[in-house]
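Visitor:
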Amino acid sequence: MTKVHRTTPRLYNPSATQAKTILKDEEPGKLQKLLRLALLGLIGSGITGNGALTYMNHLEHNQSVKELNKEISHQRNLIKELSGRITLDHITTIASMVSKSTVKIEGPDSFGSGVIISDLHGRKYILTNGHVIENNDFRNNEFNDAVFHIKLYNGSDFTNPVEFDTAPVILSSGQRAYSPPEEYDLALLQIPADIILPPESTVPMRDLNTDPLNIGESVITVGNPFGESDSISFGIISHGDRQSALDKDHHIQTDAAINPGNSGGGLFDMKGRLAGINTWSYRGAGGVGGSIRIDYVKMILEKWGIQIAA
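With positions in the sequence shown counted from 1, the corresponding number in the numbering used here is that position plus 6.
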C-alpha cells in the first residue's frame, strides 16, 4: 500500500518563500555579516539604538563561547588520548601479572610453553600447542599417554618453581584433548588434584566478539624461548586475522618476539587478558609471528566439552 504523507495547507507568500531560501543557502559567516550590516543600518537611522549594540555584543559573545567550548573539547580528547597510552610502568605491571599463568613444558624431544586456564567449575588446565607435545612418548602413564614435566615460576622468582608431571586431558569420549598441527594445533594438559596453584595463576580471556582486536594495539608475549624461563616481549598487533602456513584464517600476526620455545605461551593485551596462543614465526624474519585467536581456541575447547570461564 502506498504510504501517504499528510501536510497542512498553507497560504502562498512569495516574499516569505524567497526569504526562507536565502537564509537556508547562505553560509553562517555570511549570514552573521548580513545581520551586522542590517543592524548598523538601523543604528544609522536611529531605529534600534543601544538594543542593536547589545545584540551585536551578544553575537560576538556567543561566538567566543563556541570557540572556547571547542578548544576545551579538544583538550579533553587530547588528555583522554594521552591517558590511554601505554607506559613502561604499565607494561611491568601487566607482565608481572600474566607471567604467573605461564608454565614451562619439558619433554625429551621438545620444549615449549603453556597457559593455565580455568573452566566454569573451577578446574584448571594447561593450554598449549599440539606440536609442543607430539612425538614425545619417552615416558608413559597407566593410560599409555606421554608424560611431561611442568615448571611454574612465581613471577620473577626463579628459585622455587612449582613442579609436577602431567599428561593430556582424557575427554568424556575417551579421546585425548589433543589435535596435531595440521588440524587445530592445540592440546590440553591436566593438573593433578594434589597440586596447589596460587589463585593468580589463571587469567581472563578476552571476548573478541564484543571487544575485537585492533591493528596497532599493544600486546605482550610470555613464554620460554630456547628453553629460557618466563621471557617477556612487547609488540603490537600487525594483523587481526592472518592465514597461517596451513591456510587457516584464525591467527593474529604480531611483531612481538615469538621463537622456538614460545609455542603454547600466551599473547596478552594491556589489560592482562589472554588474546591468543603463540604458535609460529618465520625463520630468518624478525617481527613476524602468529598466535591462534582466543575465540577460535574457545570454540575448540567447547568441541572437547570444556566450558571456559570468561
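For each residue, glycine too, the CB sits at the ideal point set by N, CA and C.
(1) Drop a sphere of 10 angstroms on the beta-carbon of THR99, count the other beta-carbons inside from all chains shown, and report buried for 16 or more, exposed for fewer.
(2) State yes or no: is the C-beta of LEU195 within less than 8 Å of the C-beta of ILE306?
(3) Report the three-state DSSP secondary structure of GLU308 (helix, strand or coil).
(4) Restricting to Cα atoms, I'd like to know which of VAL294, LYS304, ALA152, GLU169 is closest to ASP261.
(5) Quick one: what's got a C-beta closer than 6 Å to SER317's C-beta in the same chain, skipping five residues either side?
(6) Taking Cβ positions, are ASP171 and VAL153 nearer each other than 8 Å?
(7) Could you give the first and the last residue of the continuous alpha helix (DSSP H) run that contains GLY136?
(8) Within the continuous beta strand (DSSP E) that includes THR216, where are the two ends?
(9) At which residues does the beta strand (DSSP E) containing GLU112 begin and terminate?
(10) Take the Cβ of ILE202 as the centre, count every other Cβ of all protein chains shown within 10 Å, and call the residue buried at 16 or more, exposed below.
(11) How is TYR184 classed by DSSP in three states: helix, strand or coil?
(12) So, under 8 Å CB-CB, VAL175 and SER107 are touching, yes? Tell me the CB distance rounded to an integer number of Å.
(13) Using DSSP bridges, identify the partner residues of ARG6.
(14) In the DSSP assignment, find the unbroken beta strand (DSSP E) run with ALA193 in it and report its ends.
(15) Please state whether DSSP places LYS157 in a helix, a strand or coil.
(16) What does the alpha-carbon distance come out to for the pair GLN313 and PHE232?
(17) Check this for me: beta carbons of ASN135 and THR227, under 8 Å apart or not?
(18) Excluding five sequence neighbours on each side, which residues of the same chain lie with their C-beta closer than 6 Å to the C-beta of GLU223?
(19) Checking 8 Å against the spacing of the C-beta atoms, do ARG212 and ALA281 come in under that value?
(20) Could you tell me if LYS76 is buried or exposed, where buried requires 16 or more neighbouring beta carbons within 10 angstroms of its beta carbon?
(21) Since TYR131 and ILE197 should fall inside the 8 Å C-beta cutoff, what is the C-beta to C-beta distance between them, to a whole number of angstroms?
(22) Between SER269 and SER119, is the Cβ-Cβ spacing less than 8 Å?
(23) Which of the three DSSP states, helix, strand or coil, is assigned to ILE264?
(24) Measure the C-alpha to C-alpha separation of SER207 and LEU158 and round it to an integer number of angstroms.
Guide: According to the structure shown:
(1) Classification of THR99: exposed, given that the 10 Å Cβ count is below 16.
(2) no
(3) helix
(4) VAL294
(5) Any question about residue 317 goes unanswered here, given that the chain covers just 7 to 316.
(6) Result yes, Cβ atoms of ASP171 and VAL153 sit closer than 8 Å.
(7) 136–139
(8) That residue, THR216, is in no beta strand (DSSP E); it is neither H nor E in DSSP.
(9) 108–112
(10) exposed
(11) strand
(12) At roughly 18 Å, the Cβ-Cβ gap does not stay under 8 Å, so VAL175 and SER107 are not in contact.
(13) Because the chain here runs from 7 to 316, residue 6 falls outside it and cannot be looked at.
(14) 193–196
(15) strand
(16) The straight-line gap from Cα to Cα measures roughly 32 Å.
(17) no
(18) ILE243
(19) yes
(20) exposed
(21) 6 Å
(22) yes
(23) coil
(24) 9 Å
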